[in-house]
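Student: Numbering (my numbering), first residue to last: 1172 to 1684. The C-beta atom is built at its ideal place from N, Cα and C for all residues, glycine as well. What you are looking at is a predicted structure, and each value in this text was computed from that prediction instead of being measured. The structure is given below, and queries will be raised subsequently.
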């Protein structure tokens, strides 16, 4: 599309060309006033030159207006004031005319240029505000960090003519560029980005990929912490754009934080739905399996007791079926326990009891399962009474002993130790073997997690999950680790509390309070 000549003349950004246009405007004013020199008096001729100064100031700015003022005064003196064609002043009144004309032309030029500058600034601010509004709408509709990156790069490239990069922290907290479409980032840029993420301060680096430009590293400060870094490559003299960048980082931080919260809410909702569905499936499956399993165990046990009717081989098969049904029944019991714990339908029956008694009852319940693993205890007899649900804590010890018997080599001891601190009681159950996988010490307490790869040891990965749920219901914590001497260890804590006072005299006299 061809550009109009008037627009080319009055909107040119060349400084020299602007001053040339100012001088040309004065010459045109002279060309208009000179033919009318014999008709117009000096005051009217001055108005023509002042009109040229006003036009130059309104269209070309303050500097060209000053040049036009001086040029118009000189031309008026040379062509209109006697003696003509000379800059000499023959009368005092002409000196006053020159001074007033110079002052008025300079004042008009300054006022007009200032008004033009204010109008330009107002239009620029309106344009920036409209662009920020459009950017805010675009960021509000962004669903991925890449969309936020594209919106920021488009805005900065259009409004500031600069390159931009958006860095967001990964799972380890290291900055990662969402897009490199606007350029490439070096190792130094990533290091500075990490510094901005950690400190939350603005950092200005040296010259960037082009001379005369600097990269500004701006933190995206959210409600809680720095959620990203915006890198902008600006010209060294673009100091006036820094307030705009602050507003831009505020919008970007809001958008990035919103995406983070949305992702966290969706993940939490999905996890809650998954847990609810899994608990429902576990509960329904466990109840549906228990009825035929009970019948299978009863029939197998009846066959196993028929020593005189069945041959020895059939009797052994019946006993094997009974034992396997009993083992599966134990798995179903664990699934039911886990379903009840996750549903929150478990009510604790807390009583002040001894940990040593619960350990003993747990070993009695396991019976033959612990036959090849001697149990060694230390510190149990020195513990104070603790308030807990004996049935649930018995399940904890049974699961821990059963795991120790499964994974420890035969004839290796299982060690149970306990000690009381200021506020907590810690119990440790140690066993031999290979211990826990070092990289999965937290995952072993998840449901259906067995720590290592599937092996010959039977199990479904529910025991430790039940232990964690029961301990946390009691207000304690549980952890797994591998001692330096080898093997594996599971330690859990219980709050001590304050046991009730015991009247020794009443007990000795046989009268209870």
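Please report how far the alpha carbon of residue 1236 lies from the alpha carbon of residue 1222, in whole angstroms.
Tutor: Approximately 11 Å between the Cα atoms of the pair.
Student: Hey, residue 1579 and residue 1550 are a contact pair by Cβ (cut 8 Å); roughly how many whole angstroms apart?
Tutor: Actually they do not touch by this definition, with Cβ atoms about 21 Å apart.
Student: Report the residue from 1455, 1500 and 1473 whose alpha carbon sits nearest the alpha carbon of residue 1487.
Tutor: Here the closest residue by C-alpha is 1473.
Student: Going by beta-carbon coordinates alone, are residue 1571 and residue 1661 separated by less than 8 Å?
Tutor: Yes.
Student: The alpha helix (DSSP H) that contains residue 1214, what's its start and end?
Tutor: Residues 1213-1231.
Student: Need the endpoints of the alpha helix (DSSP H) that residue 1565 sits in, please.
Tutor: That run of the alpha helix (DSSP H) goes 1561-1578.
Student: Do residue 1400 and residue 1413 have their C-beta atoms within less than 8 Å of each other?
Tutor: The answer is no: Cβ separation not under 8 Å.
Student: Which residues does DSSP pair with residue 1666 in a beta bridge?
Tutor: 1595.
Student: Output the boundary residues of the alpha helix (DSSP H) element that contains residue 1210.
Tutor: From DSSP, residue 1210 is part of no alpha helix (DSSP H); its letter is neither H nor E.
Student: Taking the CB atoms as reference points, tell me whether residue 1647 and residue 1653 lie closer together than 8 Å.
Tutor: No. Outside cutoff.
Student: When the Cβ atoms of the segment 1580-1600 are set against those of the segment 1635-1642, are three or more pairs found closer than 8 Å?
Tutor: With a cut-off of 8 Å, the segment 1635-1642 and the segment 1580-1600 do not count as touching, because too few Cβ pairs lie within range.
Student: Is residue 1586 helix, strand or coil by DSSP?
Tutor: Residue 1586: strand per DSSP, three-state reduction.
Student: Is the distance from the Cβ of residue 1435 to the Cβ of residue 1391 below 8 Å?
Tutor: It is not a contact, given that the beta carbons lie outside the stated cut-off.
Student: What's the call for residue 1625, buried or exposed, on a 16-neighbour Cβ count within 10 Å?
Tutor: Reliability fails at residue 1625, whose pLDDT of 48 lies under 50, so the model's placement of it is uncertain and no value is given.
Student: If you drop the 5 nearest sequence neighbours on each side, which residues of the same chain put their C-beta closer than 7 Å to that of residue 1465?
Tutor: Excluding positions up to five away in sequence, the list is empty.
Student: Have a look at residue 1428 and residue 1341 and give me their C-alpha separation to the nearest angstrom.
Tutor: Cα to Cα, the separation comes out at about 14 Å.
Student: Three or more C-beta pairs closer than 8 Å, one from the segment 1211-1220 and one from the segment 1240-1255: is that the case here?
Tutor: Yes: at least three Cβ pairs fall under 8 Å.
Student: Can you check which of these residues, 1325, 1327, 1356 and 1332, is closest to residue 1338 by C-alpha distance?
Tutor: The option with the nearest alpha carbon to residue 1338 is 1356.
Student: Can you tell me where the alpha helix (DSSP H) holding residue 1394 begins and where it ends?
Tutor: Premise fails: residue 1394 is in no alpha helix (DSSP H) and is neither H nor E.
Student: Check whether the segment 1553-1567 touches the segment 1524-1543, counting contact only when three or more Cβ pairs, one atom from each stretch, lie closer than 8 Å.
Tutor: Enough Cβ pairs lie closer than 8 Å, so yes.
Student: Buried or exposed for residue 1432, please, with buried defined as at least 16 other CB atoms from any protein chain shown within 10 angstroms of its CB.
Tutor: Burial call: exposed.
Student: Starting from residue 1524, trace the beta strand (DSSP E) in both directions and tell me its first and last residue.
Tutor: 1522-1524 is the span of the beta strand (DSSP E), which, as asked, contains residue 1524.
Student: With burial defined as no fewer than 16 other Cβ atoms inside 10 Å of the residue's Cβ, what is the status of residue 1353: buried or exposed?
Tutor: With a pLDDT of 46 at residue 1353, under the threshold of 50, the modelled position of this residue cannot be trusted, and the question is left open.
Student: For residue 1347, report the span of its beta strand (DSSP E) as first-last.
Tutor: 1346-1348 is the span of the beta strand (DSSP E), which, as asked, contains residue 1347.
Student: Residue 1527 and residue 1552 look like a contact to me (Cβ under 8 Å); what is the Cβ gap, rounded to whole Å?
Tutor: 6 Å between Cβ atoms; contact.
Student: In whole angstroms, what is the alpha-carbon distance linking residue 1443 and residue 1314?
Tutor: Distance between the alpha carbons of residue 1443 and residue 1314: 22 Å.
Student: Taking just the CA atoms, how far does residue 1460 sit from residue 1600?
Tutor: In a straight line, the C-alpha of residue 1600 is about 32 Å away from that of residue 1460.
Student: Sort out for me which residues DSSP pairs residue 1401 with in a bridge.
Tutor: Partner(s): 1337 and 1389.
Student: By DSSP, does residue 1252 sit in helix, in strand, or in coil?
Tutor: The answer is coil: DSSP assigns residue 1252 none of H, G, I, E or B.
Student: So the candidates are 1303, 1347, 1310 and 1346; which of them puts its Cα closest to the Cα of residue 1329?
Tutor: Here the closest residue by C-alpha is 1303.
Student: Alpha carbon to alpha carbon, what distance is there between residue 1292 and residue 1393?
Tutor: Residue 1393 and residue 1292: Cα-Cα distance of roughly 31 Å.
Student: In the DSSP output, what is residue 1601 paired with across the bridge?
Tutor: Looking at the DSSP assignment, residue 1601 forms a beta bridge with 1586 and 1660.
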